[in-house]
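Each remark here refers to the structure printed beneath this line.
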Amino acid sequence: MSSCKSVYEPREDSTMLETWVKKHTFGKVLDMGTGSGIQAIAAAHKQNVSFVLAADAQKGVIGYCKKNIKNRKIKFVQSDLFKNIKGKFDTIVFNPPYLPQELKLKDLTIEGGKRGYEVIERFLDDVNNFLNPNGVILMVFSSLTKKEKVEESVKNNLLEFEELEKQHVFFEDIYVYLLRKREFLRRLENRGIVNVKYLAKGHRGLLFTGLYKSKKIAIKTKNPQSTAVGRIENEAKWLERLNKLGIGPKLLIQDKGYLAYEYIDGDFIIDYLKKSNNSKIKKTIKNIFNQLFNLDKLKIDKEEMHHPLKHIIISKNKPYLIDFERVRHSQNPKNVTQFCQFLMSWHLINILDKKNIKIDKSRLMMLAKIYKNSPTQSNFKKIAGII
Ligand SMILES: C[S@@+](CC[C@H](N)C(=O)[O-])C[C@H]1O[C@@H](n2cnc3c(N)ncnc32)[C@H](O)[C@@H]1O
Numbered sequence: 000m001s002s003c004k005s006v007y008e009p010r011e012d013s014t015m016l017e018t019w020v021k022k023h024t025f026g027k028v029l030d031m032g033t034g035s036g037i038q039a040i041a042a043a044h045k046q047n048v049s050f051v052l053a054a055d056a057q058k059g060v061i062g063y064c065k066k067n068i069k070n071r072k073i074k075f076v077q078s079d080l081f082k083n084i085k086g087k088f089d090t091i092v093f094n095p096p097y098l099p100q101e102l103k104l105k106d107l108t109i110e111g112g113k114r115g116y117e118v119i120e121r122f123l124d125d126v127n128n129f130l131n132p133n134g135v136i137l138m139v140f141s142s143l144t145k146k147e148k149v150e151e152s153v154k155n156n157l158l159e160f161e162e163l164e165k166q167h168v169f170f171e172d173i174y175v176y177l178l179r180k181r182e183f184l185r186r187l188e189n190r191g192i193v194n195v196k197y198l199a200k201g202h203r204g205l206l207f208t209g210l211y212k213s214k215k216i217a218i219k220t221k222n223p224q225s226t227a228v229g230r231i232e233n234e235a236k237w238l239e240r241l242n243k244l245g246i247g248p249k250l251l252i253q254d255k256g257y258l259a260y261e262y263i264d265g266d267f268i269i270d271y272l273k274k275s276n277n278s279k280i281k282k283t284i285k286n287i288f289n290q291l292f293n294l295d296k297l298k299i300d301k302e303e304m305h306h307p308l309k310h311i312i313i314s315k316n317k318p319y320l321i322d323f324e325r326v327r328h329s330q331n332p333k334n335v336t337q338f339c340q341f342l343m344s345w346h347l348i349n350i351l352d353k354k355n356i357k358i359d360k361s362r363l364m365m366l367a368k369i370y371k372n373s374p375t376q377s378n379f380k381k382i383a384g385i386i
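Heads up: the sequence shown is residues 0 to 386, going by numbering that gives the first Met the number 0.
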């Protein structure tokens with residue numbers, strides 16, 4: 000065999016992974032960061048493996064492999080992670096470069112970014128688009144690669160993991176993980192949603208983003224830590240109704256345990272107020288008031304409007320009410336009066352003051368009281384007119 004100094008000579012991590020490759024690989028295999036080709040060869044020797052694509056970012060490595068490895072099942076490609084990869088695989092194997100650059104080893108085959116886990120993070124962010132629904136990922140990494148960061152990335156990409164092996168070698172622990180798509184992810188993909196990524200956690204819901212019919216969407220499912228019952232179903236029911244009145248982001252999918260709606264790319268209300276000018280702010284606040292008055296008229300309580308920091312997003316100067324989990328019918332809905340409360344807070348008065356919008360707090364308080372007792376159109380107009 001000819002040698003090449005950019006080729007990673009198999010070490011403990013390679014042989015540990017190889018053992019599991021021999022056990023778990025099947026179907027079409029992608030060996031990412033193939034190096035000497037050790038994993039690709041182990042996979043190709045298996046009867047239940049039909050094809051192996053061995054990829055590496057380094058041209059020299061690919062040249063070396065093409066010259067030295069002759070196996071009909073294996074094809075080689077130079078690719079920075081998935082850049083030149085097409086199609087889907089049943090097994091994806093990865094022995095990534097995982098050491099932090101801070102160790103100053105200056106070696107591309109083993110350094111995985113400044114902190115060590117960046118290449119793994121990039122890999123996990125994309126891998127689902129190349130993995131069949133029941134496919135598996137076999138990956139090795141070290142305790143020098145912040146394990147909790149790797150696991151966070153696994154979780155954020157809706158994968159689940161099993162630790163197959165852990166070995167202490169000199170100054171580090173080496174782990175081999177088997178990863179699979181979580182059932183929830185498989186269900187989303189089944190509906191044509193791809194690129195699913197964790198976005199945020201609320202008290203009651205977990206929020207993900209995804210691509211559906213080439214558009215970015217938000218997906219909400221129950222936060223497993225929440226004891227609240229039926230919130231997702233409630234939100235889907237109300238969103239469907241309120242969409243007809245031009246309220247809320249457009250509901251796209253409603254399924255068991257989750258709903259998906261158009262992703263609103265904009266700013267939460269405080270950020271918006273801080274960065275917008277006087278006339279835009281006035282128009283936006285009026286628009287919000289109108290939406291809230293419509294809800295009041297229909298005896299629908301949105302709740303949380305006295306503190307709507309994460310409940311209103313403004314996109315292209317259009318305000319969207321979001322989060323309809325707690326919406327309910329009420330004889331005395333408080334949407335308008337709660338929003339008045341919000342505008343009367345010192346924080347808001349200060350922000351608006353900087354934009355030359357003066358809120359007469361005592362007058363607004365008086366108008367809100369009148370409206371509370373008699374929520375008529377004319378009483379509402381007086382409130383909206385204060386801005
Ligand atoms: C630790 S070695 C593993 C080699 C071999 N698979 C093994 O198990 O011994 C990591 C390999 O990943 C390759 N690599 C590094 N960054 C990469 C990237 N962004 N995309 C693809 N391969 C990469 C390196 O060139 C190197 O060959």
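We treat Cβ as the ideally placed atom computed from N, Cα and C, and that holds for glycine.
Model, not experiment: these values are computed from the prediction.
- CA-to-CA, the gap between A42 and D89 works out to about 12 Å.
- With respect to I313, I268 sits close: the two C-beta atoms are nearer than 8 Å.
- By the criterion of a C-beta distance shorter than 7 Å, K145 is surrounded in its chain by R114, G115 and Y116, once the five residues flanking it on both sides are discounted.
- Here the C-alpha atom of P95 lies approximately 53 Å from the C-alpha atom of F288.
- Residue pairing by DSSP leaves M343 without any beta bridge partner.
- Per the Cβ contact rule, the stretch 181–198 is in contact with the stretch 209–225 (3 or more Cβ pairs under 8 Å).
- Leaving aside the five residues that flank P332 on each side, the residues in its chain whose CB is nearer than 7 Å to its CB run, in chain order, L294, D295, K298, I299 and D300.
- Along the length of the stretch 41–119, whole beta strand (DSSP E) runs at least 3 residues long occupy 48–55, 73–77 and 88–93, reported in chain order.
- With distances taken between CA atoms, K371 lies nearest to V335 out of I358, K148, V335 and I348.
- The nearest non-hydrogen atom of ligand 1 is 7 Å or more from the C-beta of T90.
- When rounded, the separation of the alpha-carbon atoms in I40 and Q77 is 17 Å.
- For H167, the uninterrupted beta strand (DSSP E) run begins and ends at L158 to V168, by DSSP.
- If one requires a minimum length of 3 residues, the beta strand (DSSP E) runs lying completely within the stretch 210–268 are 214–221, 250–254 and 257–261, in chain order.
- When only Cα atoms are considered, P223 and L205 end up about 8 Å apart.
- For Y7, there is no enclosing beta strand (DSSP E), since its DSSP letter is neither H nor E.
- Around the beta carbon of R203, 16 or more other beta carbons lie within 10 angstroms, which makes this residue buried.
- Looking at the DSSP output, P318 sits in a beta bridge with I313.
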